[in-house]
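Enquirer: Chains as they are written, first to last, in the working numbering: chain A, 141 to 354; chain B, 43 to 433. C-beta atoms are modelled at their ideal positions from N, C-alpha and C, and glycine is treated no differently.
1) Does the separation of the CB atoms of residue 170 of chain B and residue 143 of chain B fall below 8 angstroms?
2) So the candidates are B:87, B:236 and B:339; which of them puts its Cα closest to the Cα of residue 261 of chain B?
3) Reducing DSSP to helix, strand and coil, say where residue 312 of chain A ends up.
4) At 4 residues or longer, what runs of the alpha helix (DSSP H) sit wholly inside the region 157-229 of chain B?
5) Mind listing which residues of the region 193-205 of chain A have their C-beta closer than 7 angstroms to chain B's C-betas, in chain order?
6) Where does the unbroken beta strand (DSSP E) through residue 132 of chain A begin, and where does it stop?
7) Could you check whether the Cβ of residue 240 of chain A sits closer than 8 angstroms to any Cβ belonging to chain B?
8) Residues in its own chain within less than 8 angstroms of residue 266 of chain A by CB, not counting five upstream and five downstream?
9) For the alpha helix (DSSP H) that residue 239 of chain B lies in, which residues bound it at each end?
10) So for residue 182 of chain A, helix, strand or coil by DSSP?
11) Along chain B, in chain order, which residues have C-beta atoms closer than 9 angstroms to that of residue 228 of chain A?
12) Locate the beta strand (DSSP E) running through residue 258 of chain B, then write down its first and last residues.
13) Around the Cβ of residue 221 of chain B, are there at least 16 other Cβ atoms within 10 angstroms (buried) or fewer (exposed)?
14) Which of helix, strand or coil does DSSP assign to residue 433 of chain B?
15) For residue 338 of chain B, count the other beta carbons within 10 Å of its own beta carbon; 16 or more makes it buried, fewer makes it exposed. Which is it?
16) I think residue 214 of chain B touches residue 226 of chain B, with their Cβ atoms under 8 angstroms apart; what is that distance to the nearest whole Å?
17) So, does the CB of residue 337 of chain A fall closer than 8 angstroms to a CB anywhere in chain B?
18) Report the three-state DSSP secondary structure of residue 259 of chain A (helix, strand or coil).
19) Alpha carbon to alpha carbon, what distance is there between residue 214 of chain A and residue 326 of chain A?
20) May I have the straight-line CA-CA distance separating residue 232 of chain B from residue 312 of chain A, to the nearest angstrom?
21) Could you check which residue in B:272, B:131 and B:51 has the C-alpha nearest to that of residue 210 of chain B?
22) To the nearest angstrom, how far is the alpha carbon of residue 68 of chain B from that of residue 195 of chain B?
23) If we count the other Cβ atoms within 10 Å of its Cβ and call it buried at 16 or more, is residue 174 of chain A buried or exposed?
24) Note down the Cα distance separating residue 335 of chain A from residue 165 of chain A, rounded to an integer number of angstroms.
25) Checking 8 angstroms against the spacing of the C-beta atoms, do residue 244 of chain A and residue 340 of chain A come in under that value?
26) If you reduce the DSSP assignment to three classes, tell me which class residue 340 of chain B lands in.
27) Out of curiosity, what's the CA-to-CA distance linking residue 309 of chain B and residue 77 of chain B?
28) Per DSSP, which residues does residue 149 of chain A bridge with? Please list them.
29) Given that a residue counts as buried once 16 or more other Cβ atoms are within 10 Å of its Cβ, and exposed if not, what is residue 49 of chain B?
30) Residues of the region 207-230 of chain B in Cβ contact with chain A at a cutoff of 8 angstroms, in chain order, please.
31) Identify the contact partners of residue 150 of chain A in chain B, using a Cβ-Cβ distance below 7 angstroms as the criterion.
32) Answer yes or no: do residue 152 of chain B and residue 122 of chain B have a C-beta to C-beta separation smaller than 8 angstroms?
33) Taking just the CA atoms, how far does residue 288 of chain A sit from residue 307 of chain A?
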């Protein structure tokens, strides 16, 4: 049985782990992807046999591409969706790349006199979380190696993605609170969801059948 | 804060240069002509309104309003849409006019924006308000007119998604006990977060059948056949009424012969607590954002003291501009080149041509020759009869 959609769909995907796991899901669902697909360094990878075109993007940009409609659908972590706050359909929990958003710090962490500081890649999520906890904090945005912040005295605590907890441990940090579990989601553009509803539903069903099995 | 550089403009504001503006005016003319053919009368309202009247009544979120103080210290807003101002006029200056009122507008509205391309703080909307009729024919007229307008503007491929707030609320009320849970579920739909919706439903400990009905809601997209499916999952009075309403609407849309542009989408939700019945959104192929939005807002007129049902829609000019190809008409402009002593003759020729409704540019040859773009002109009349270096 030829497995393809009628209309061409453009899918935005982050490079790296999520991409590999999502590609595996699609293969399991019977969507034919070329074998060299995974090692490609191209930013745009057409898969004409499945009538799909993949855009490989930085994770935080995936919701942007989808919101503007240059990609019809996207695969992206819930952490990014929360932080970016884009107007897109969040259709399905793909249940891959499971991890959690958590607050972490040094084990002997104590609130200091003034307003405590929190370093994070997710300033929006962190601000919202601490506000809901009734805590006043100052949030400092960092772009990577967040674990450094408590070690060198930039902030007492951090908010970051934790999967195994190994990075925290190796840097002498402990997880203090879990904010929420995170998984990868299938998202869709508002207009594509209607104008290309058959193709979007088709991919949705493909993903859904595999996700529900597991 | 540093002083702005000379070319900078406030966030989200932009200039529209002649070529684009020509296309915009051309579209505007076609859209307005179409609305007028359906008997709608154009109305204009002020750019500034009081926050306490139009600002509060508007469907636009408070944090997106431009607020300022007038000389008396009252808070005023730059109008964020035209529906609330028109409701104000319909309830005051036009309050003796018999209903229904059919009004149309083409106006710039203002919404505070994030700094990003395609998100303008001032943008043009073209729309209609049909005030004073609760009938399904009024809903059908709004949708059919939206179809007509998009066609008149030259949008080739488009669809209108139609939802019903009564169905959504009725179904939720029937299945979910607590108001707070219903509000949360509506918020998930408003944010188009189906995953969150499903997770929340799982946490409600509903019977398997009831949970399945809520999941089914997420799949209620399609054509006429959807109405039966929708009916089969609810016995709630309000939801059943909405289903009947949709059935009648579909019949009316068939009579208008526009049903092929319409798809039903029963989880469509926009502007929490504003729309009261049938609501819709139009999309054009290859456009990321909705091209038009509208629906029934039976609660708004009461806020201005003339309670009555109403419906309407607005088309986003910026989306139209992107969705429609425009071939500028062949230039019918004349250029007259003259030398200093030929001025009288040049002016006389120009006057005659203008009387015949032609556009004429006159240019003193030796001053302007180097800067002229001759491709803009249908005909060049060179009175100087010098060597025609421009040919």
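Expert: Reading it off the structure:
1) no
2) B:236
3) coil
4) 178-195 and 207-217
5) none
6) Nothing about residue 132 of chain A can be reported from this structure: the residues present for chain A run from 141 to 354 only.
7) Using beta-carbon distances, residue 240 of chain A does not count as an interface residue toward chain B, since no partner is under 8 angstroms.
8) 258, 260, 277, 279 and 299
9) 236-244
10) coil
11) 234
12) Where residue 258 of chain B is concerned, there is no enclosing beta strand (DSSP E), although the alpha helix (DSSP H) it sits in stretches over 250-259.
13) exposed
14) Residue confidence for residue 433 of chain B is low, a pLDDT of 47 falling below 50, so the modelled location carries little weight and cannot support an answer.
15) buried
16) That belief does not hold up - the Cβ atoms of residue 214 of chain B and residue 226 of chain B are roughly 10 angstroms apart, past 8 angstroms.
17) yes
18) strand
19) Those two C-alpha atoms are separated by around 6 angstroms.
20) Those two C-alpha atoms are separated by around 42 angstroms.
21) For the set B:272, B:131 and B:51, the Cα lying nearest the Cα of residue 210 of chain B is the one of B:272.
22) 9 angstroms
23) exposed
24) Going by the C-alpha atoms only, they are around 25 angstroms apart.
25) no
26) coil
27) 29 angstroms
28) Answer is A:192.
29) Under this definition residue 49 of chain B is an exposed residue.
30) So the list is empty, because no residue satisfies the distance condition.
31) Here the premise fails: no neighbours, minimum Cβ distance about 11 angstroms.
32) yes
33) 11 angstroms
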